[in-house]
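Numbering (our numbering), first residue to last: 839 to 1387. For each residue, glycine too, the CB sits at the ideal point set by N, CA and C. As the structure is a prediction and not an experimental result, all values here were calculated from the model. Some notes on the structure that comes next.
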RNA sequence: GGUCUAUUAGUCAAGGGGUUAAGACACCACCCUCUCAAGGUGGGAACACGGGUUCAAAUCCCGUAUAGACUACCA
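Below, the structure written as C-alpha cells:
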C-alpha cells in the first residue's frame, strides 16, 4: 500500500535514493578537515549577524584545510526579494569571506541553490512515504489554526502529533479521493518520537544539551513540493558531506527534528556548532538583530560609512573567539589569519553588538597601516563617495601622506582615524583650499580665546624651515622667554604671577592660528610640512579674521 | 504556558571545588609633556538571590528572579 501511495504522490520521480546518493561521492579530505557551509536565504540584505555566520564557516574550513561552500537557501518563495542573491555575493566579496565552492562558483555537489534541487528532496520524500515514515496531510489552514488554538488553551504542546495527526490513518482510497478533488496537501513525517525520552545534542560550542525527543509530524514538503528548512538541511548536508553545521543558536530547539530526520533516513548526522546570536539593546531591552527592524546593521552600511572591511573582520573575530582581542593587541605585527580559532573559545551567551567597540577596532586597525596605505584606501573610498575631496587628495598627495606619517612610525601611533570618512575632517587644515574656506568657521568656535596677534606675526619671521625638532623647540622657548612667557611649564607653575604664560601658550596660539584647532598632531611636524610662507599666510589670515570681529 | 540557554566591576570578559577573583576598554590620581593622542605608575569597582552537598562553592546540585532564543506549509 505504501508503495502505491508513493507512486500516486510522486509519479514523476523515478530516481532511487541509491542513484541520487551516487551523484554525491565522499569527499577526499584529510582527517580533521571541516566541511562547512553558509546558507543564506535571499530575503533581503545581509546584516552583520549573517556575515558573522559566513565568517565562522569560512575560517573554520580554512583553518582545517577543509571546504566551505555557499548554498542559497531559497525555499521560501514568498519572502524572496529580487536582487538579494547579488547583494549576498557582493557582501561576501567586499568583506573577503572566502568560500571554495557553491552558488556562483564551480563545485561537484550542486546545484547549490535549493530551488534547483526539488527533485532530489522528492526522491527522499518518496522513499519515506514508501517506507511508511511519511504521509500526505490534507489539513487546511483553518483546521490547523483551530487545533493550535485548542492546544494553547489547554496548555498542550502545539503542533500535529499523536491523536491530532488524523491524516496518518488515511486510507489509499481517501487519499485518492482528495487528489481527485484537487485538494492541496503537504508531506509530513510520521514521528516515532516519545515525548518522555530525551536526546543529547553534543554541541561544539555549548557542550551537551539535553532536549526532549521530537514528537511532531513535521512538514517536510510544502504544498508546492518545495522542502521546509528542516528537510532541506538534512538532505543537503548529508549529500554535500557537511561535517560541521555552524549556525545560530536559535536552531537548538529544532535540533531534535533534524536528528530524527537523519535517523529516519538512516544517515549519520553532522556535528553542530551553535553560536550565540548577535543582539542589540533597544529601550533597555535586549533582542536578536533583525533584518526588518535594524537596517543600520545592513552590511552595506559599513561600506558607505567608510568602515574598512578588514576592521569589520577583526570585530567579527573578537566576537568569534573571546581570546582573540587580547592576542591581537599583543601581536602588533600579526593579522587575523595568523590566529587559530576554536569552538571552545566561542562565547556561549548572547553577544551585544557594540558599535563603539567596532569603532575602537577601526582606530587600532588604521594605526597599524602605513601612511601610504591609509592614503590609498581613503582615496578609493572617496572616489566613490566624495569625489571633490578625492580630487583634493590627488592634488595634495605628498602633503597628506606626510601629514599621515606624523607620529605614525613611532611605537605609539596616533589613533585619530576610525573611518575612511574621517580623513577629511582630520586633515582639512593641511589642504589650503579647505583651510582657507573652513578655518573661519573653526576660529569662530573659539571666540573666547584671546591671542596676542603681534607675537604671532613676529614668530612667523623667526621660524626656520629645516630646523630639527630640538632646534625648533629651542627657538620657541627662547621666543617665549623674550616676550615674558616661561620657557618651561614647570617654572610657570611654580610662580605663575611672574609670567604672561608659558611656552605651551605660545604653541597653542600658533597651533590655533594655522589649523583652527587646539588639538592636533605634533606642531613641529605640521609647521615643517606647511613651510614658512604658508605659516605667514595663515598668520595673516588669522589676523584678518580677528580684526573683522 | 512549555522547552532550552545565560547571569562575574560602567562595558567586554578569564577562571568549572582551595586564586590576594586575571586581563582589556572606560573612570580617577600622579608622571611624561607644546595641545591632543599614545605611554608609565598607582587607585576605586564584580561572582543575581536563597537553600543544599563539602573540611572548603564564583565553580557542583535544587529552587527563585531577571534576560534571551524557540514554540509556522519562515529560515
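Name the two residues that bound the continuous beta strand (DSSP E) containing residue i.
| i | result |
| --- | --- |
| residue 1385 | Per DSSP, residue 1385 belongs to no beta strand (DSSP E); it is in the alpha helix (DSSP H), 1370 to 1385. |
| residue 1265 | Note, residue 1265: premise wrong, no beta strand (DSSP E); alpha helix (DSSP H) at 1260 to 1265. |
| residue 1353 | No beta strand (DSSP E) holds residue 1353; the alpha helix (DSSP H) holding it covers 1341 to 1353. |
| residue 1083 | 1082 to 1086 |
| residue 1057 | 1057 to 1059 |
| residue 1036 | 1036 to 1041 |
| residue 1046 | 1045 to 1050 |
Do residue i and residue j have their CB atoms nearer than 7 angstroms?
| i | j | result |
| --- | --- | --- |
| residue 1281 | residue 1354 | yes |
| residue 1159 | residue 1179 | yes |
| residue 1209 | residue 1242 | yes |
| residue 1200 | residue 1149 | yes |
| residue 930 | residue 883 | no |
| residue 885 | residue 1126 | no |
| residue 1315 | residue 1325 | yes |
| residue 1037 | residue 1094 | yes |
| residue 1351 | residue 1269 | no |
| residue 1245 | residue 1255 | no |
| residue 1220 | residue 1227 | yes |
| residue 1023 | residue 974 | yes |
| residue 1099 | residue 1072 | yes |
| residue 964 | residue 848 | yes |
| residue 967 | residue 846 | no |
| residue 1317 | residue 1370 | no |
| residue 1080 | residue 961 | no |
Ends of the alpha helix (DSSP H) at residue i?
| i | result |
| --- | --- |
| residue 855 | 855 to 860 |
| residue 1293 | 1291 to 1300 |
| residue 1237 | 1235 to 1243 |
| residue 813 | Shown here, the chain extends from 839 to 1387; a query on residue 813 therefore has no answer. |
| residue 1210 | 1209 to 1223 |
| residue 851 | Residue 851 -> no alpha helix (DSSP H), and no H or E assigned at all. |
| residue 1074 | 1067 to 1077 |
| residue 1314 | 1307 to 1320 |
| residue 1329 | 1327 to 1332 |
Once the 5 residues before and after residue i are set aside, which same chain residues still bring their CB inside 7 angstroms of it?
| i | result |
| --- | --- |
| residue 903 | 868 and 871 |
| residue 1113 | 894, 1043, 1084, 1086, 1087 and 1184 |
| residue 977 | 1005 |
| residue 912 | 879, 880, 918, 951, 952 and 953 |
| residue 1048 | 1036 and 1038 |
| residue 1307 | 1362 |
| residue 922 | 880, 881 and 882 |
| residue 1239 | 1209, 1210 and 1213 |
Identify, in the order they occur along the chain, each residue of the same chain with its Cβ nearer than 8 angstroms to the Cβ of residue i, setting aside the five sequence neighbours on each side.
| i | result |
| --- | --- |
| residue 1082 | 872, 873, 874, 898, 1042, 1108, 1109, 1110 and 1111 |
| residue 1291 | 1380, 1381 and 1384 |
| residue 909 | 875, 876, 877, 940, 941, 950, 951, 952, 1074 and 1078 |
| residue 1189 | 1114, 1115, 1116, 1117 and 1157 |
| residue 1361 | 1345, 1348 and 1349 |
| residue 991 | none |
| residue 1153 | 1195, 1196 and 1199 |
| residue 1266 | 1272, 1273 and 1276 |
| residue 1143 | 1257 and 1259 |
| residue 1033 | 995, 1050, 1051 and 1053 |
| residue 1000 | 1053 |
Given residue i, which residues of its chain have a CB within under 6 angstroms of its CB, disregarding the five upstream and five downstream residues?
| i | result |
| --- | --- |
| residue 1374 | 1298 |
| residue 1102 | 971 |
| residue 1311 | none |
| residue 1016 | 976 |
| residue 887 | 1116 and 1127 |
| residue 1002 | 985 |
| residue 1234 | 1269 |
TODO: Flag this pair as touching only if the segment 1200 to 1214 and the segment 934 to 942 have three or more C-beta atom pairs under 8 angstroms; answer yes or no.
DONE: no
Open item on the list: List, from N- to C-terminal side, the beta strand (DSSP E) runs of 3 residues or more that fit wholly inside the segment 1090 to 1171.
Closed with: 1109 to 1113, 1116 to 1120 and 1123 to 1126
Task: Inter-stretch contact at 8 angstroms, needing at least 3 Cβ pairs: the segment 1138 to 1149 / the segment 1095 to 1111 - done: no
Task: Residue ranges of each beta strand (DSSP E) within the segment 954 to 1030, 3 or longer - done: 972 to 975 and 1024 to 1027
- [ ] Inspect the CB distances between the segment 1021 to 1033 and the segment 1049 to 1058 and report whether three or more fall short of 8 angstroms.
- [x] yes
Task: Runs of beta strand (DSSP E) lying entirely within the segment 862 to 937, each at least 3 residues, in chain order - done: 873 to 876 and 905 to 908
Task: Segment contact flag, the segment 955 to 966 with the segment 842 to 857, C-beta cutoff 8 angstroms, min 3 pairs - done: yes
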